[in-house]
Amino acid sequence: MKKEVVEKLVEIVGKENVSTQSADKITHSYDATQEQHLPDAVVYVSSVQEVSLIVKLANQHKIPVLPRGAGTGFTGGSLPIHGGIVLVLTRMDKILDIDEENLTAEVEPGVITAELQRQVEKIGLFYPPDPASKEFSTLGGNVAECAGGPRCVKYGVTKDYILGLEVVTPTGDIIHTGGKTLKNVVGYDLTKLFVGSEGTLGIVTQITLKLIPKPAAKKTMLVQFASIDGAAQSVSAIIGAKIIPTTLEFLDAATIGCIRGKSSIPLPENCQAVLIIEVDGDPQMLDAQAELILSIIKPFNVLDTRIASTEEESEEIWKVRRIVSPSLRQVNPDKFNEDIVVPRSKVPDMIRALEAISKKYNVPIVNFGHAGDGNIHVNVMVDLKEDGMEEKIEIIMEKVFEAAVNLRGAISGEHGIGTSKAKYMSMGLNRATIEYMQRIKAALDPLNILNPGKIFIEEPSQSVKG
Amino acid sequence: MYKNKKLKDFEKVIRECVKCGVCQAHCPTYLVGKREGAVARGKISLAAALLDGEIGLDERLQEDISMCLMCGSCVEKCPNKVPTHEIVGAIRRGITEQQGLSLVGRGVSALLGSGPLMKTLSKGGALLSPLVLKKVPESSGLRLRFPSPLMKDRTVPQIAFRNLFDRVPEYTEGRPAKPVIGFFAGCSITYAYPEIGEYMVNILKAMGFSIYLPREQKCCGIPALSSGDGKLVEELAEANVKAFQKREVDYIITACASCNGGIGEYYKTMKGDCSEFTGKVIDFSVFLEQEGLFAQLAEMKKWQQRKRVTYHDPCHLKIQGITRPPRELLKSLPNVEFVEMERANSCCGLGGTFSVYHYEESKAIGARKVAGLIESKAAYIATACPGCIMQLQDIINHAGLTVKSVHILELLAEALAEQ
Chain A
43 MKKEVVEKLV
53 EIVGKENVST
63 QSADKITHSY
73 DATQEQHLPD
83 AVVYVSSVQE
93 VSLIVKLANQ
103 HKIPVLPRGA
113 GTGFTGGSLP
123 IHGGIVLVLT
133 RMDKILDIDE
143 ENLTAEVEPG
153 VITAELQRQV
163 EKIGLFYPPD
173 PASKEFSTLG
183 GNVAECAGGP
193 RCVKYGVTKD
203 YILGLEVVTP
213 TGDIIHTGGK
223 TLKNVVGYDL
233 TKLFVGSEGT
243 LGIVTQITLK
253 LIPKPAAKKT
263 MLVQFASIDG
273 AAQSVSAIIG
283 AKIIPTTLEF
293 LDAATIGCIR
303 GKSSIPLPEN
313 CQAVLIIEVD
323 GDPQMLDAQA
333 ELILSIIKPF
343 NVLDTRIAST
353 EEESEEIWKV
363 RRIVSPSLRQ
373 VNPDKFNEDI
383 VVPRSKVPDM
393 IRALEAISKK
403 YNVPIVNFGH
413 AGDGNIHVNV
423 MVDLKEDGME
433 EKIEIIMEKV
443 FEAAVNLRGA
453 ISGEHGIGTS
463 KAKYMSMGLN
473 RATIEYMQRI
483 KAALDPLNIL
493 NPGKIFIEEP
503 SQSVKG
Chain B
1487 MYKNKKLKDF
1497 EKVIRECVKC
1507 GVCQAHCPTY
1517 LVGKREGAVA
1527 RGKISLAAAL
1537 LDGEIGLDER
1547 LQEDISMCLM
1557 CGSCVEKCPN
1567 KVPTHEIVGA
1577 IRRGITEQQG
1587 LSLVGRGVSA
1597 LLGSGPLMKT
1607 LSKGGALLSP
1617 LVLKKVPESS
1627 GLRLRFPSPL
1637 MKDRTVPQIA
1647 FRNLFDRVPE
1657 YTEGRPAKPV
1667 IGFFAGCSIT
1677 YAYPEIGEYM
1687 VNILKAMGFS
1697 IYLPREQKCC
1707 GIPALSSGDG
1717 KLVEELAEAN
1727 VKAFQKREVD
1737 YIITACASCN
1747 GGIGEYYKTM
1757 KGDCSEFTGK
1767 VIDFSVFLEQ
1777 EGLFAQLAEM
1787 KKWQQRKRVT
1797 YHDPCHLKIQ
1807 GITRPPRELL
1817 KSLPNVEFVE
1827 MERANSCCGL
1837 GGTFSVYHYE
1847 ESKAIGARKV
1857 AGLIESKAAY
1867 IATACPGCIM
1877 QLQDIINHAG
1887 LTVKSVHILE
1897 LLAEALAEQ
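Those sequence lines, one after another, are chains A and B. Sequence positions in the first sequence follow the numbering used here and run 43 to 508. Sequence positions in the second sequence follow the numbering used here and run 1487 to 1905.
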């Protein structure tokens, strides 16, 4: 990176917050995809003005800018694939306001999701989106990826809780979208445009969130089934009975195989599927609701049901779900984790399709996830050291996405596209739709400064170099 | 011959980091600075780059590597249990080997002499004479942890006029059928808090055990490990294993979590088998529970005026999963009303020699405990590690609270004395 650019950066944020040293480039070169791409500089920012000045500077010199929160994305959203300036927002981590009268919160983008949740829950409020990474991912990152989580069955995803944003545009202007009100139809709904835009259309520097009252109580159940069909039919039956649980998580037979013997709750050999069902609300209604659910699913191959009556017992049930991810590596060293989504009634079809793919290509596929909203975490477990596996995994992934799209689903429910799924965009969207999106990007970011190379497949000439 | 592992020995586990970022939620140094270089994932990426020859031991890397308390909090929560604290130790030793004790260890070797420590201690109002100080061995971690010029405003332990060896015989004969307990006291207990050591010995004696407190025992090596002085760690391990070979012991008990982590856990990772020694190492709370003391204590009549006590998890116990026994012990005490506090398990910030080089960060890490402590309304914060006791008292003093940090054994001794 040119010396004058570095000097300008130092002028903007101070010497201690700019680095071009190797160690800093290395520690800001990756995310949870485990891919590595070195940036040219790393900058820690602390205000919207700094962000704006840096983006303007980057436009002048045609240098990519990569907004980065915790760097825990699964699709490469924060990777500096063309070098440039990694702009780290983790230190903008203040909760500016929690408004108990309007049920809103104002936060900086670096606030950790679970930290906001703890603070609002102390005063009886609730911020529902709960990505698995909530203890370390930032709200800015959640906005950029439109993060989901188990509770989204009932409560919706990140975009349903964003009322307004302060955004630095790709050309360095500071704009405000939405506001503090629930209703607002003044002009285009730019808020929704930015949520899930993966850092390609703007850098979020302040977020106005919608809060709701915290449910008074919850009840957690773990149900074991003799077949995946039983579990899938149960999901349909529960939803069909007009009951929306807070969470409806499922584990398939392959998943259960990974964790059998590791959980304090015994999972016998004939248990082929597990549903973890949680309902919340008025404590007086919960028992009745839990019983109703259990009676609805009774005909579907149920082996065992367990209802937690204390917080500890509920925790014991959730532990079953939590030990899944760490246990997967015993199957095979390399994990390809995709988060396809299908209409919830199609979950059984999707599982069957995955089983067929697993059999055909002779690779273990471990599935678990959010049955209630059709968002399945598909984990293809392989050993990349095996001959031809790299090529094989490409084909398998394509088949998985194809199956999801054929069921009127989508290739990503909550992880985003980033770099890792860009080449599959055309599977679910027609050419005109993709071009429409690209035209928006080109109009807002004419020099392709902000997070270049993400979401869309790149033409070789498109990228700018740092 | 026990040898430290080298960075190369960690190659396989380094590659097992999947960069998920879970460590960010648990790394004390990351949480106060929010810099990726400070978190386990960042350090592991640097370790990988070192192995791949993509980077040398340049200054920024050394700085990042110095930003680690070696508390192991990240390892506990890591899905693949990548031992970042061990990897950091290996890199620090590599730095020392290549450049001498630089950055991380800078100053330490120069301060090994008795002068600076003496000054610190006298500033702390210690009962002190050169004669007392002479008894603290050159290799003691106490000297590494508290070299004075860098430690302004710091609450430091006072060196006792009569150390534990002056107070307790090398061997105390118990009841014939009872096992012999080796007592690894460690520097802090031996020289700064000998009364804790005496409580330990008296309790074991009352339970009928024979106690062996070998005079040849040395520092466990945790501060040397933290500062990258690999050679010193090896010498200390050698000496300590030898010290407990002179007499047949059934257990080697510790009342200092760091020492337990040193002689119990770290020695296990060294090349050269010392499992005979490490296999006997046991934390006092685990031992006392195993021997049925908690049940007996629970039978005692509760005091009318009980002390409101909360508990701080020392990292070296927490990462071994020893979180329940110390709490159970406190709950069983007749003189204690136990309350949990928020962030009970977050690090106090001492971290071997970390607080010497990063006192501001160390204080900030410790300060994260203050809100929970106030909320708990506890009058005492009990723990199981003298290092934590000292650091916690420093945090409390800086926060202007009146809470006292104590060793669990002090409360136990109080309960037993009233019997």
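All residues carry an ideal CB built from backbone N, CA and C; glycine is no exception.
Between Gly458/A and Glu177/A, the gap from beta carbon to beta carbon reaches 7 Å or more. Residue environment analysis places Ile437/A among the exposed positions, since fewer than 16 neighbouring C-beta atoms fall within 10 angstroms of its C-beta. Chain B places a beta carbon closer than 7 Å to that of Glu177/A, counting this residue as a contact. When secondary structure is reduced to three states using DSSP, Arg110/A falls in the strand class.
Ser1891/B: member of the beta strand (DSSP E) spanning 1890–1893, first to last residue. One Cα belongs to Glu433/A, the other to Val442/A, and the distance between them is close to 15 Å.
Any Cβ of chain B closer than 7 Å to the Cβ of Arg481/A would place that residue at the interface, and such an atom is absent. For the set Ala1710/B, Leu1887/B, Glu1826/B, the Cα lying nearest the Cα of Arg1578/B is the one of Ala1710/B.
Interface flag for Tyr203/A against chain B is unset, since no Cβ pair is found closer than 7 Å. Val362/A is not a Cβ neighbour of Ser276/A, given a cutoff of 7 Å.
Closer than 8 Å at the C-beta level to chain B, one finds these residues of the region 53–73 of chain A: Ser61, Gln63, Ser64, Ala65, Asp66, Ile68, Thr69, His70, Ser71, Tyr72, Asp73.
For Asp346/A, DSSP records a beta bridge to Gln266/A. Residues of the region 110–140 of chain A with a C-beta less than 8 Å from any C-beta of chain B: Ala112, Gly113, Thr114, Val130, Thr132, Arg133, Asp135, listed in chain order. Neighbours of Pro368/A in chain B, taken as residues at a C-beta separation under 8 Å, are given in chain order as Pro1565, Asn1566. Among the residues facing chain A, Asp1538/B is not included, as its CB has no counterpart in that chain under 7 Å away. In this structure Leu1543/B touches Gly1580/B by the C-beta definition: roughly 7 Å separates them, less than 8 Å. Pro368/A sits in a helix when the DSSP states are folded into three classes.
The C-beta separation of Ala1885/B from Ala1864/B comes to about 13 Å, leaving the pair out of contact by the 8 Å criterion. In the displayed model, Phe1730/B falls within coil according to three-state DSSP, outside both helix and strand.
For Gly1575/B, same chain residues with a beta-carbon under 7 Å away, outside a window of 5 residues either side, are Met1556, Leu1711 in chain order. Asp139/A sits exposed, since fewer than 16 C-beta atoms from the chains shown fall within 10 Å of its C-beta. Against chain A, the beta carbon of Ile1577/B has no neighbour under 7 Å; the closest one sits roughly 12 Å away. The region 1871–1884 of chain B and the region 1828–1846 of chain B touch, with no fewer than 3 CB-CB distances between them shorter than 8 Å. Residues Cys300, Lys377, Val408, Asn421, Met423 of the same chain have their beta carbon placed closer than 7 Å to that of Leu370/A, with the five preceding and five following residues left out of the count. Within chain A, the residues Ala65, Ile68, Thr69 have their CB atoms less than 8 Å from the CB of Leu1532/B, given in chain order.
Within the region 1736–1800 of chain B, the complete alpha helix (DSSP H) runs of at least 4 residues fall at 1761–1764, 1770–1776, 1779–1785.
DSSP places Leu317/A inside the beta strand (DSSP E), whose first and last residues are 315–323. If you ignore the 5 residues before and after Val87/A, its C-beta comes within less than 8 Å of the C-beta of Val55, Asn59, Val93, Ile96, Leu129, Val130, Leu131, Arg133, Met134, all in its own chain and listed in chain order. Per DSSP, the beta bridge partners of Ser61/A are Val84/A. When Cβ pairs closer than 8 Å are counted between the two stretches, the region 448–465 of chain A is seen to touch the region 378–389 of chain A, the count reaching three or more.
Contacts with chain B at 7 Å (Cβ-Cβ) include Gln76/A. Assigned with DSSP and collapsed to three states, His70/A falls in coil, not helix or strand. Taking the C-beta atoms as reference points, Ala1870/B is found nearer than 7 Å to Ala1743/B. According to the DSSP secondary-structure assignment, Asp139/A is paired through a beta bridge with Glu148/A. By the CB criterion at 7 Å, Val210/A and Ile245/A fall inside the cutoff. For Pro109/A, the number of other beta carbons within 10 angstroms of its own is at least 16, and it is reported as buried.
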